[in-house]
Each structure stands twice: as structure tokens, then as C-alpha cells.
Amino acid sequence: MSTDVGCVLLTGNGPSPKDGGWAFCSGGDQRIRGKDGYKYADNDSADSIDTSKVGRLHILEVQRLIRSMPKPVIAVVNGWAVGGGHSLHVTCDLTIAAWKWQD
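Just so we're aligned: 102 in numbering that gives the first Met the number 0 is position 103 of the sequence shown, and the numbers increase by one with no gaps anywhere.
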């Protein structure tokens, strides 16, 4: 465990280049989601997958990592937090929210 890190901040990437709107996270890409949700291939787990061939994270694994992290995880919610974005910020130790985050 690094003593250089005091806490972890999760935040959005700033305003959308498309429409200027702000969002913390709007969830997974529904265009690539199967009818049974996001799943690993048969006989794969978080420990056995080839990460170079995986284009997305599985939210339950992300939530497990956040909850087991030895440092506080703070969600800095700058705009919309919907779908998986809501689940993500609720999993964090603390949420700080504003409609539009100011630099």
C-alpha cells in the first residue's frame, strides 16, 4: 500500500464535446450489452481474462475493488450520474456533487 496516496477521486471527464453537457457517468454502452448483461466468457473470471482483449470493465468487479480499497474513494459527481454511474457513486465512501464542477 502506497503512503503517497491519501485518497482516490473519481470524476467525469468534463463537458461533452457533443453538446457541452456535464456528466459524472451515464452507465454502460447499451449497444454492446447482451440480453443477459455484461458477462465474462464461459470459464473466465476476473483473474483469468486476457485484459488486452477486453474492451470494458464489469461493474460488479469495479464495485468490489472500490469497497476493498484500503484508501477512501470519493466520487466527485459533476453533473448527471445515471444507470451505472449512480451505482458507481453509491459504492464510493463519499460523494461530493455539484451540477457543474468548477475548476
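Virtual Cβ for every residue (Gly too), placed ideally from N, Cα, C. Since the structure is predicted, the reported quantities are computational estimates derived from the model, not experimental observations.
Item to check | For residue 23 and residue 84, believed in contact at Cβ under 8 Å, the rounded distance | outcome: Counting from one through the sequence shown, the residue named residue 84 turns up at place 85. Counting from one through the sequence shown, the residue named residue 23 turns up at place 24. Contact flag correct, Cβ pair sits at about 5 Å.
Checklist entry - Nearest CA to the CA of residue 19: which residue from 70, 92 and 79? => result Here the question's residue 19 lines up with position 20 in the sequence shown. Nearest option by C-alpha distance: 79.
Checklist entry - How many angstroms separate the CA atom of residue 73 from the CA atom of residue 3? => result Mapped onto the sequence shown, residue 73 falls at position 74. Mapped onto the sequence shown, residue 3 falls at position 4. Whole-angstrom Cα-Cα distance: 17 Å.
Item to check | For residue 16 and residue 77, the rounded distance between their alpha carbons | outcome: Counting from one through the sequence shown, the residue named residue 77 turns up at place 78. Counting from one through the sequence shown, the residue named residue 16 turns up at place 17. Near 15 Å, if we compare the C-alpha coordinates of residue 16 and residue 77.
Next on the checklist: Give me the residue from 5, 9 and 94 with the minimum Cα distance to residue 61.
Outcome noted: For the purposes of this step, residue 61 is identified with residue 62 of the sequence shown, where counting begins at 1. Of the listed residues, the one whose Cα sits closest to residue 61 is 9.
Next on the checklist: Rounded to the nearest angstrom, what separates residue 21 and residue 12 at their Cα positions?
Outcome noted: Position 22 of the sequence shown, counted from the first residue, corresponds to residue 21. Position 13 of the sequence shown, counted from the first residue, corresponds to residue 12. Rounded to the nearest angstrom, the two C-alpha atoms are 9 Å apart.
Checklist entry - Excluding five sequence neighbours on each side, which residues of the same chain lie with their C-beta closer than 7 Å to the C-beta of residue 97? => result Here residue 97 refers to the residue found at position 98 when the sequence shown is read from its first residue. Cβ neighbours of residue 97 beyond the five flanking positions: 77.
Next on the checklist: residue 91 and residue 58 - do their beta-carbons sit closer together than 8 Å?
Outcome noted: Translated into positions along the sequence shown, residue 58 becomes position 59. Translated into positions along the sequence shown, residue 91 becomes position 92. Cβ distance not < 8 Å, so residue 58 and residue 91 don't count as in contact.
Next on the checklist: Using the Cβ count rule (16 or more neighbours within 10 Å means buried), how would you classify residue 87?
Outcome noted: By 1-based counting over the sequence shown, the position of residue 87 is 88. Flag for residue 87 reads buried.
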